[in-house]
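Here the structure is laid out as structure tokens; the discussion comes afterwards.
Number of protein chains: 2
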Amino acid sequence: MNKRITIYDLAKTLKVSPGTVSRSLNNHPSISDKTKQRVIAKANELGYKINKFASNLSSQKSNTIGVIVPKLNSNFMSTILAGIEKVVNEAGYSLIISQSLESMEKEKINSMTLFNSGVDAILVSLAYDTTDYEHFTPFIKHKIPLIFLDRVPNLPECLTLIIDNYLAGFEATEHLIEQGCKNILYIGGNQNRNVYLERFKGYRAALKKHGLDYSFDELLETDLDPRNIDEVITYIKNHPTPIDGLFVASDSFAAHCIKELKKVSFKIPEDIKVVGFNNDPISELISPSLTTINYPGYEMGVLAGQSVINQLKGNIDMQATNAISLRHELIIRESSTIK
Amino acid sequence: MNKRITIYDLAKTLKVSPGTVSRSLNNHPSISDKTKQRVIAKANELGYKINKFASNLSSQKSNTIGVIVPKLNSNFMSTILAGIEKVVNEAGYSLIISQSLESMEKEKINSMTLFNSGVDAILVSLAYDTTDYEHFTPFIKHKIPLIFLDRVPNLPECLTLIIDNYLAGFEATEHLIEQGCKNILYIGGNQNRNVYLERFKGYRAALKKHGLDYSFDELLETDLDPRNIDEVITYIKNHPTPIDGLFVASDSFAAHCIKELKKVSFKIPEDIKVVGFNNDPISELISPSLTTINYPGYEMGVLAGQSVINQLKGNIDMQATNAISLRHELIIRESSTIK
DNA sequence: TTGTAGGCGTTATCAC
DNA sequence: GTGATAACGCCTACAA
């Protein structure tokens, strides 16, 4: 095909120096408007396209932001991604997205890859089993903005975006108590992850506040994989004190619970009241519709996008802020209330 | 902090030439094993990291694959993406993902951006309203592999991955007919998109085969946005001949239909039988559970990934193949059957 | 088997 | 306001 037009080609045909062409295209102030017009016109005419490879090398920037999420095929994560993409794209950045598949090993590899690709910043939501954070130090050392979302570590150097999982857990549980539940079971994921631990703590605090007996039996830690739903149902059926309330840290898993519980003749909400988490689209479509905590994923994505952009443009000194907490909201539906 | 180690630094400390270092690191055959070992050892010791910017410029490759999807926050799309990501990542490529937000204009901008970023290949699922395909010609001209998924255009030059939407539509409809439906309504999206048009054609063919009356009234074209569900319900309620079967081109929209129809006292499946499309997780969680067409999104992603990799490595001459069709499957559940 | 040197296309620092 | 010229770090003929 016709060879790619470079700055040199433009310079030659315009009888100016390559430097002038470069500056014109970048709208540098020291170039006269006349020359700029000439250059830009000719560039369009000949179909000039910047060579990012060269420009990246020269500027040591890629206009690219890396993202590592546990899984792409999760409603919550893809909603966050949609928010991020919208914002950073408008600011002229591209997104390199990778998934850790809930494995710390892959998370390590991914962060190395992204670091080596020269991303200008990186956004991370931790894998299920990530326990050390050494793989993020290169970014910190090189002052590459590093922002954590939702599943975050305890690192003082970097910004984290979360909701108040503790409070959300508290509110969800208190709601169940107010609906008359006495034996509430919390079903959550790996307690190493802030999101599940905090929700549990909130749950516990609510029980305590209302003077309900608390024993560790009321915590059921699972991987929240629907394929393992049977164990959960068995656990509930065989529980010594009949369970009458369920706080499940994921809507999708809660939906499966409800479905299976109905199969074994539990009435929801009469026998067991259920509260989920995330306000997944599923929550309003199942029967009974699911009471849940609305988690503003899209807004979190947008905020994450804005935060990186601000850091990259040096607009605001985000160092001041360490953690931003978004507002959540209890949405009461049929699964926890009797008309 | 400590400056980045380059090939020159290694060369200096090892007292060899930069060229030798470069070749050692790339495992070039002309270098002795001894030297290679030495170089690699020292590289690890000093923490050498390749500078992608320089290497990209030199090789004119980015090891990067671009993706444009209509929306990130869709279960189907994120499932496809998960499959793509897994495969291409294992092959050493990164994914630059962008969303067109169902707008041709943004799709154009995105493809320009990706082209300019120098992606080695591009995967596309078309926006809702894309009608011309000029924005993809740069890729074709420069022989950059271009693969379409799911929502594809009619371009002979490039590979497309689809399922047989016609046949799927036929089977879905025939199933409804076999269940005794006489007045089946098809609810789908923009007929400009192959997926909706083909499903419709299949639907029509099934009606014809079984000698059912067909009138254009039975096609309801909508944007499949749940916010506009009311119009659809009104349409169904006021239909001159009572509708007893619904073939909806999206599970999510079908789920909303069922929910709203139940609200206005339709019994599903007794009054109206429903078949959806995609086998979205939602389909088995709602009541009644939704009969649907299983659409192997993850497999499609994997296949797409493998196809690009093959084209990039020149393994197989994919030019021979123009369209690959994956196997779909009718999953019969409660929404279309009476026990 | 290894070294040398030019090129990849852009940007930035000096001069003028 | 514009022109030289030197990085940027890697790759790869070609030479030795």
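Chains A and B, in that order, give the protein sequences.
Position one of the first sequence corresponds to residue 1 (our numbering), numbered consecutively onward.
Position one of the second sequence corresponds to residue 1001 (our numbering), numbered consecutively onward.
C-beta atoms are modelled at their ideal positions from N, C-alpha and C, and glycine is treated no differently.
CA nearest to the CA of residue i, picked from the options
{"i": "Lys259(A)", "options": "Asn279(A), Gly211(A), Tyr298(A) and Leu290(A)", "result": "Leu290(A)"}
{"i": "Lys1044(B)", "options": "Ser1074(B), Leu1072(B), Asp1009(B) and Gly1188(B)", "result": "It should be noted that the sequence gives Asn, not Lys, for residue 1044(B). When only C-alpha atoms are compared, the closest one is Asp1009(B)."}
{"i": "Asn1194(B)", "options": "Lys1208(B), Asn1165(B), Glu1221(B) and Ala1205(B)", "result": "Asn1165(B)"}
{"i": "Asn228(A)", "options": "Gly19(A), Lys141(A), Phe253(A) and Asn279(A)", "result": "Phe253(A)"}
{"i": "Gly169(A)", "options": "Val248(A), Asn190(A) and Gly314(A)", "result": "Val248(A)"}
{"i": "Asp1225(B)", "options": "Asp1251(B), Ile1065(B) and Arg1151(B)", "result": "Asp1251(B)"}
{"i": "Ser287(A)", "options": "Ile338(A), Arg38(A) and Ala255(A)", "result": "Ala255(A)"}
{"i": "Ile1144(B)", "options": "Asn1116(B), Leu1161(B) and Ser1125(B)", "result": "Asn1116(B)"}
{"i": "Lys1208(B)", "options": "Ile1177(B), Glu1198(B), Ile1233(B) and Ile1236(B)", "result": "Ile1177(B)"}
{"i": "Val232(A)", "options": "Gln306(A), Cys257(A) and Glu218(A)", "result": "Cys257(A)"}
{"i": "Tyr93(A)", "options": "Ile122(A), Phe76(A), Met77(A) and Ser78(A)", "result": "Ile122(A)"}
{"i": "Ile184(A)", "options": "Arg204(A), Ile309(A) and Glu198(A)", "result": "Arg204(A)"}
{"i": "Thr173(A)", "options": "Glu198(A), Leu114(A), Leu312(A) and Asn26(A)", "result": "Glu198(A)"}
Residue range of the alpha helix (DSSP H) that includes residue i
{"i": "Gly1245(B)", "result": "Here Gly1245(B) belongs to no alpha helix (DSSP H); instead the beta strand (DSSP E) covers Gly1245 to Val1248."}
{"i": "Glu1218(B)", "result": "Where Glu1218(B) is concerned, there is no enclosing alpha helix (DSSP H), given that its DSSP letter is neither H nor E."}
{"i": "Ser1111(B)", "result": "Met1104 to Ser1117"}
{"i": "Thr1234(B)", "result": "Ile1229 to Lys1237"}
{"i": "Glu1090(B)", "result": "Asn1075 to Glu1090"}
{"i": "Tyr1203(B)", "result": "Asn1194 to Lys1209"}
{"i": "Gln1037(B)", "result": "Asp1033 to Leu1046"}
{"i": "Phe1139(B)", "result": "Thr1137 to Lys1141"}
{"i": "Ala1011(B)", "result": "Ile1007 to Leu1014"}
{"i": "Asp1251(B)", "result": "Asp1251 to Lys1263"}
Same chain only: Cβ atoms within 7 Å of residue i, ignoring 5 sequence neighbours per side
{"i": "Ala351(A)", "result": "Outside the shown range of chain A (1 to 339) lies residue 351(A), about which nothing can therefore be said."}
{"i": "Ile1163(B)", "result": "Tyr1295, Ser1325, Leu1326 and His1328"}
{"i": "Tyr1048(B)", "result": "Ile1005 and Leu1010"}
{"i": "Lys1182(B)", "result": "Leu1212 and Asp1244"}
{"i": "Leu155(A)", "result": "Tyr133"}
{"i": "Ile1007(B)", "result": "Pro1018, Val1021 and Ser1022"}
Boundaries (first-last residue) of the beta strand (DSSP E) holding residue i
{"i": "Asn1051(B)", "result": "Here Asn1051(B) belongs to no beta strand (DSSP E), and DSSP marks it neither H nor E."}
{"i": "Leu1330(B)", "result": "Glu1329 to Ile1331"}
{"i": "Phe148(A)", "result": "Leu146 to Leu149"}
{"i": "Gly1066(B)", "result": "Thr1064 to Val1069"}
{"i": "Ala121(A)", "result": "Ala121 to Val124"}
{"i": "Thr1292(B)", "result": "Thr1292 to Asn1294"}
{"i": "Thr321(A)", "result": "It is not in any beta strand (DSSP E) - Thr321(A) carries neither H nor E in the DSSP assignment."}
{"i": "Gly188(A)", "result": "Ile184 to Gly188"}
{"i": "Thr1160(B)", "result": "Leu1159 to Ile1163"}
{"i": "Val275(A)", "result": "Lys273 to Val275"}
{"i": "Ser1098(B)", "result": "Ser1094 to Gln1099"}
Cβ separation of residue i and residue j, assumed to be a contact under 8 Å, to the nearest whole Å
{"i": "Ser1024(B)", "j": "Thr1035(B)", "result": "6 Å"}
{"i": "Leu1072(B)", "j": "Glu1085(B)", "result": "Leu1072(B) to Glu1085(B), Cβ: 12 Å. No contact."}
{"i": "Val88(A)", "j": "Ile65(A)", "result": "6 Å"}
{"i": "Gly202(A)", "j": "Leu167(A)", "result": "6 Å"}
{"i": "Asn279(A)", "j": "Ile293(A)", "result": "7 Å"}
Close Cβ partners of residue i (< 6 Å) along its chain, the five nearest in sequence each way excluded
{"i": "Ser1111(B)", "result": "His1135"}
{"i": "Pro1153(B)", "result": "Tyr1133"}
{"i": "Glu1157(B)", "result": "Ile1140"}
{"i": "Gly83(A)", "result": "Tyr298, Gly301 and Val302"}
{"i": "Glu1171(B)", "result": "Leu1330"}
{"i": "Leu14(A)", "result": "Lys42"}
{"i": "Phe148(A)", "result": "Val124 and Thr160"}
Residues near residue i by beta carbon distance below 8 Å, same chain, minus five either side
{"i": "Glu1284(B)", "result": "Leu1290 and Arg1333"}
{"i": "Asn1190(B)", "result": "Tyr1128, Asp1129, Tyr1196, Glu1221 and Asp1223"}
{"i": "His1175(B)", "result": "Val1275, Thr1291, Leu1330, Ile1332 and Ser1336"}
{"i": "Pro269(A)", "result": "Gln179, Pro288, Glu334, Ser335, Ser336, Thr337 and Ile338"}
Classification of residue i by the beta-carbon crowding that lies within 10 angstroms, buried from 16 upward
{"i": "His210(A)", "result": "exposed"}
{"i": "His1028(B)", "result": "exposed"}
{"i": "Gln1037(B)", "result": "exposed"}
{"i": "Pro240(A)", "result": "exposed"}
{"i": "Lys1273(B)", "result": "buried"}
{"i": "Leu1046(B)", "result": "exposed"}
{"i": "Lys264(A)", "result": "Contrary to the premise, residue 264(A) reads as Val rather than Lys in this sequence. Exposed is the call here."}
{"i": "Ala206(A)", "result": "buried"}
{"i": "Ala1304(B)", "result": "buried"}
{"i": "Thr131(A)", "result": "exposed"}
{"i": "Met1(A)", "result": "Legend: pLDDT at Met1(A) = 46, less than 50; position of this residue unreliable, value from coordinates given subsequently. Counting Cβ neighbours within 10 Å, Met1(A) comes out exposed, since fewer than 16 surround it."}
{"i": "Thr321(A)", "result": "exposed"}
{"i": "Thr79(A)", "result": "buried"}
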